[in-house]
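Participant:
Numbering (this note's numbering), first residue to last: 107 to 649.
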């Protein structure tokens, strides 16, 4: 249990640091939040046409599904670049550009995906298995790809006919279906790929209800309805403009004024008031993801390059990293900083999934005394100084300041460096950081939350961590299909992670999205993606 000093420090720092914002209010625990994913348009009378504006809380990275790593890019891409599979509101994987779930050979080495035919990309190029093969091959082999580890140990990708794609594996890989329900399953026009090459993200062309129009960096992204889309009859809006609005207060104010109709990542400081506004509706869902701290152990020359051991105590000595984890009072931090809207996170496995187990749900106790003992054993000075980069948003800074007070109890002097989100994405790839606070929106299969970040040499292993025991557990978990066996293996993997602490898990957000009651058909599931493709302005004004 946190000391009285720490509790007061957390409250005082969080309130004083951002006094111009809404003050922190401590909310009692055991508050139950009910998921509301939104609803499809259905039979509700809606207008045909209209220009929707969404306030986007951060600048997306390049609109290239192969190389991107930003949640906000997923928001935009979901309207212009459909996938082989998608998630529904129940968290189930369902076909999108595929016609059925994949079939797998008895030995698990051959995965066959039936795909649509008779539809076209936004540039008129026919969509078929050969086009799918081209995109999947790019996802797997492009030097700068962030998808390679998500696709598993691929041997070859083939298109035996116009309606089937076959992925041959060196070893069975159970997570592939879930991976194809995200960016690894986004299919790009082969003509556009040939024309644009590495610059595809500047002029992306896919299959989707909308197509890309233009981007003004740091300002906006515009998409327009695609008349060639196979399901065009269910697309109602003329355009969607994603307007970059990093300030949560500004997003909330623009929602109230009607200048924007949708806003993502509503601050826990604003959500209760917005929920009471009769002109607005708040959608909320538990997240598959997590927020936490990457510790740079060996990313010296950039992710994907050979790692080199960094010669600092926190990089070299697991005891120092364990001490830092033990200094994080996870429950007190989320209660005080986020008004009880968020939950503590202690592992990459979301508790609401079939892959959770007592081992993956186990949380290191807040133990500042043990933290100081470990630091003393490691022979480092107390307080031990650590520099942490964090996004320069209000909620992130609120948490960083409270975290600073928490880890001080355990003997750490945390120095906070605010950075713009897009810059932080670049910094983590280049490895020019000591520690970096950034989260992940989460995937339905735990492999997508662990392997790409912590397996040796993976494209998202920004800390340059390597553990043969963890690699082995992740490979074994990927080879089996039984959820109970996989849950046990991911529980063991969690234990390895909590022993080595290359990434310190801190909390899970709820996906909080607000929209005007003038629009409907907006949906947000546990994957955190705001789905606008089938949204519409209503013809009645009853909300």
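Backbone N, C-alpha and C fix where the C-beta goes; we use that ideal spot for every residue, glycine too.
Which residues in the same chain as residue 464 place their Cβ atom closer than 8 Å to its Cβ, once the five residues preceding and following it in sequence are excluded?
Facilitator: Cβ neighbours of residue 464 beyond the five flanking positions: 597.
Participant: Does residue 483 pass the burial test, meaning 16 or more other C-beta atoms within 10 Å, or should it be called exposed?
Facilitator: Per the 10 Å Cβ criterion, exposed.
Participant: Short check: CB of residue 579 to CB of residue 560, under 8 Å?
Facilitator: Contact flag unset, no.
Participant: So the candidates are 503, 622, 515 and 472; which of them puts its Cα closest to the Cα of residue 491?
Facilitator: Minimum Cα distance to residue 491 is reached at 515.
Participant: Please look up how many angstroms separate the CB atoms of residue 610 and residue 431, rounded, as I've assumed it's under 8 Å.
Facilitator: Correct: roughly 5 Å between the Cβ atoms.
Participant: Is residue 613 helix, strand or coil by DSSP?
Facilitator: Reduced to three states, the DSSP call for residue 613 is strand.
Participant: Alpha carbons only, please: which of 328, 532 and 538 is nearest the one belonging to residue 402?
Facilitator: Nearest option by C-alpha distance: 538.
Participant: I'd like the span of the beta strand (DSSP E) that includes residue 220, first residue to last.
Facilitator: Looking at the DSSP string, the run of the beta strand (DSSP E) that includes residue 220 is 216-220.
Participant: Ordered along the chain, which non-local residues of its own chain (more than five positions away) have a Cβ less than 7 Å from that of residue 193?
Facilitator: Excluding sequence neighbours, residue 193 sits near 199, 287, 550, 631 and 633.
Participant: Could you tell me if residue 305 is buried or exposed, where buried requires 16 or more neighbouring beta carbons within 10 angstroms of its beta carbon?
Facilitator: Under this definition residue 305 is an exposed residue.
Participant: How is the beta strand (DSSP E) around residue 389 delimited, first residue to last?
Facilitator: 386-392 is the span of the beta strand (DSSP E), which, as asked, contains residue 389.
Participant: Leaving aside the five residues before and after residue 350 along the sequence, list all residues of the same chain whose C-beta is less than 7 Å from its C-beta, in chain order.
Facilitator: The answer, listed in chain order, is 162, 165, 324, 325 and 326.
Participant: Would you check if the segment 165-184 and the segment 362-369 touch, i.e. whether three or more CB-CB distances between them fall below 8 Å?
Facilitator: No: fewer than three Cβ pairs fall under 8 Å.
Participant: Does the beta-carbon of residue 478 have 16 or more other beta-carbons within 10 angstroms, so that it is buried, or is it exposed?
Facilitator: Classification of residue 478: buried, given that the 10 Å Cβ count is 16 or more.
Participant: Based on DSSP bridge pairs, tell me the residues matched to residue 469.
Facilitator: Answer by DSSP bridge pairing: none, since residue 469 is not bridged.
Participant: DSSP on residue 349, reduced to helix/strand/coil?
Facilitator: In the structure shown, residue 349 sits in a strand (DSSP, three-state: E or B).
Participant: With a Cβ-Cβ cutoff of 8 Å, do residue 391 and residue 617 count as a contact?
Facilitator: Taking 8 Å as the Cβ cut-off, residue 391 and residue 617 qualify as a contacting pair.
Participant: Spell out the partners DSSP gives residue 362 in its beta bridges.
Facilitator: Residue 362 pairs with nothing; no bridge assigned.
Participant: Is the beta carbon of residue 389 sitting closer than 8 Å to the one on residue 158?
Facilitator: The answer is no: Cβ separation not under 8 Å.
Participant: Going by C-alpha to C-alpha distance, which of 622, 254, 226 and 248 sits closest to residue 338?
Facilitator: Among 622, 254, 226 and 248, the Cα nearest to that of residue 338 belongs to 226.
Participant: Please go through the same chain and pick out, in chain order, the residues whose beta-carbon is closer than 6 Å to the beta-carbon of residue 248, but skip the five residues on each side of it.
Facilitator: Cβ neighbours of residue 248 beyond the five flanking positions: 172.
Participant: At what residue ranges does the segment 154-234 contain a whole run of the beta strand (DSSP E), taking only runs of 3 or more?
Facilitator: Within the segment 154-234, the complete beta strand (DSSP E) runs of at least 3 residues are 157-162, 191-193, 199-201 and 216-220.
Participant: To the nearest whole angstrom, what separates the beta carbons of residue 644 and residue 625, a pair I think is in contact under 8 Å?
Facilitator: Yes, they are in contact, since the Cβ atoms of residue 644 and residue 625 sit about 7 Å apart, within 8 Å.
Participant: Given a cut-off of 8 Å, decide if residue 354 and residue 442 are closer than it, judged by their beta-carbon atoms.
Facilitator: No, the Cβ-Cβ distance between residue 442 and residue 354 is not below 8 Å.
Participant: For residue 512, which residues does DSSP report across the bridge?
Facilitator: Its beta-bridge partners do not exist; DSSP assigns none.
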